[in-house]
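Residue numbers (my numbering), protein chains in the order written: chain A, 219 to 371; chain B, 219 to 371. Take a look at the structure set out below.
Protein chains: 2
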Amino acid sequence: MSGEDNLLKLVEAEEADDHDYLLQEQVGFILRKAHQRHVSIFAARIADLTPPQFAALAKLRDVGETSQNQLGTLIAMDAATVKGVIDRLKARGLVELSRHEVDKRRLLVNLTAEGRDAIERLIPLAREITQETLAPLTNKEIATFMKLLAKLA
Amino acid sequence: MSGEDNLLKLVEAEEADDHDYLLQEQVGFILRKAHQRHVSIFAARIADLTPPQFAALAKLRDVGETSQNQLGTLIAMDAATVKGVIDRLKARGLVELSRHEVDKRRLLVNLTAEGRDAIERLIPLAREITQETLAPLTNKEIATFMKLLAKLA
DNA sequence: TTGATATCATTTGCATACGAATGAATTTAC
DNA sequence: GTAAATTCATTCGTATGCAAATGATATCAA
Numbered sequence: 219m220s221g222e223d224n225l226l227k228l229v230e231a232e233e234a235d236d237h238d239y240l241l242q243e244q245v246g247f248i249l250r251k252a253h254q255r256h257v258s259i260f261a262a263r264i265a266d267l268t269p270p271q272f273a274a275l276a277k278l279r280d281v282g283e284t285s286q287n288q289l290g291t292l293i294a295m296d297a298a299t300v301k302g303v304i305d306r307l308k309a310r311g312l313v314e315l316s317r318h319e320v321d322k323r324r325l326l327v328n329l330t331a332e333g334r335d336a337i338e339r340l341i342p343l344a345r346e347i348t349q350e351t352l353a354p355l356t357n358k359e360i361a362t363f364m365k366l367l368a369k370l371a
Numbered sequence: 219m220s221g222e223d224n225l226l227k228l229v230e231a232e233e234a235d236d237h238d239y240l241l242q243e244q245v246g247f248i249l250r251k252a253h254q255r256h257v258s259i260f261a262a263r264i265a266d267l268t269p270p271q272f273a274a275l276a277k278l279r280d281v282g283e284t285s286q287n288q289l290g291t292l293i294a295m296d297a298a299t300v301k302g303v304i305d306r307l308k309a310r311g312l313v314e315l316s317r318h319e320v321d322k323r324r325l326l327v328n329l330t331a332e333g334r335d336a337i338e339r340l341i342p343l344a345r346e347i348t349q350e351t352l353a354p355l356t357n358k359e360i361a362t363f364m365k366l367l368a369k370l371a
């Protein structure tokens, strides 16, 4: 029996023997590998920033000053994770922090001039990263894939 | 202009103004979110094991005793990462380690009886995790998606 | 055979990622 | 108006994930 038959079997929820559970056909495993490949492509093109750091800068460019928590929501990071990311961007002078004047719980984050320069400079590279990540697909496949992937995210 | 128009624009490599770079349309960002969602589904169904730990056990079940390095290759983990995963499985008595008799560099990893019981018990849950992860798609969409995702991984 | 390479594993350092607990500030409910 | 609940941020602990450096062993090549 071929791997594709196994996939079909699983999809159709037919009986599947426990002894032919194949890790390499599970969506979670392949999703993890696809993500790894993307991160590797990213690192090759943008060496001095990680994808989460880039995401924070790109989103700040998009929405302007926001609270750390709100930024985390926008880029799908929990509070603990976003704190680390912002701390490191701050240490490098790419963002600046301030307290919200009315709601004193909130920590406002904004791009510095240097941070704005950096993100503007990096966006063309990010477009190339997207292209390279999707390079194994035709344009038509890309459109299909992005539509389906979005449903899973 | 709609988001889909932006996507189309990007796919077709037409000119794209730098001021409308949208993070939430980039494949890397959505891939990261889809992966996060899968991990969350996994944790809800299998609380006492992480996806990488499960992958190690499932692959050992598949191939039998192997070197730590080889196992890492099979489950797409570098040497440093796989060491941590195996150490934790060993601490819980799910795998056992031994030295290769001929090649003394190699550290052989194998399931214990307890490890084998665990993975056999978990495989049905893993099938459910796959199903739930893919639940937003129809069967036809699943087949398409898995085919395209595999090309990117 | 021995010197250069390559492989296997380990360790260190850094960066996500998230659950859980905590404290401060705000909002809601009554 | 106050007590309860919620929100925002921080901290801690654990677990990937990977680059780089190191040491031990094995293989290759001259």
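All residues carry an ideal CB built from backbone N, CA and C; glycine is no exception. These numbers were taken from a predicted model, which means no experiment stands behind them.
For B/L278, the enclosing alpha helix (DSSP H) stretches over residues 269–281. CA-CA distance, B/R339 to B/R310, rounds to 16 Å. Under DSSP, the beta-bridge partners assigned to B/L325 are B/R317. When Cβ-Cβ separations below 8 Å define contact, B/Q271 makes no contact with chain A. Contact between the region 274–285 of chain A and the region 337–357 of chain A is established, with three or more Cβ pairs separated by less than 8 Å.
If you compare the alpha carbons of A/E350, A/L312, A/A297, A/T330 with that of A/R324, the shortest gap goes to A/A297.
Under the Cβ criterion (8 Å, minimum of three pairs), the region 243–258 of chain A does not count as touching the region 352–360 of chain A.
An exposed status is given to A/V281, since fewer than 16 other beta-carbon atoms sit within 10 Å of its beta-carbon.
Fewer than three Cβ pairs drawn from the region 363–370 of chain B and the region 283–296 of chain B lie within less than 8 Å of each other, which leaves the two stretches out of contact. In its chain, beyond the 5 residues on either side, E314, L315 have a beta carbon closer than 8 Å to the beta carbon of A/K308. Rounded to whole angstroms, the gap between the alpha carbons of B/K301 and A/F260 is 25 Å. Its Cα nearest to that of B/M295, the residue A/F247 stands out among A/F247, A/A265, A/N328. Remark: C-beta atoms of B/T348 and A/Q242 do not approach each other more closely than 8 Å. Around A/A262, no beta-carbon contact reaches into chain B at under 7 Å, the shortest distance being about 13 Å.
By the neighbour-count definition (other C-beta atoms within 10 Å, threshold 16), B/A336 is a buried residue. Per DSSP, A/H256 is one residue of the alpha helix (DSSP H) stretching across 245–263.
Residue pairing by DSSP places B/T284 opposite B/V327 in a beta bridge. If you draw a straight line from the Cα of B/L292 to the Cα of A/L352, it comes to about 24 Å. Around B/G290, the same chain offers D296, A297, T299, V300 as residues with beta carbons nearer than 8 Å, after the five sequence neighbours per side are excluded.
Using a Cβ-Cβ cut-off of 8 Å, B/Q254 counts as an interface residue toward chain A, since at least one Cβ of chain A sits closer than that to its own. One finds L228, E243, Q244, V245, G246 in chain B with Cβ atoms closer than 9 Å to the Cβ of A/T348, taken in chain order. Non-local beta-carbon contacts of B/P269 in its own chain, meaning distances under 7 Å to residues more than five positions away in sequence, involve V257, F260 in chain order.
Note on geometry: alpha-carbon atoms of B/A331 and B/I304 lie some 16 Å from one another.
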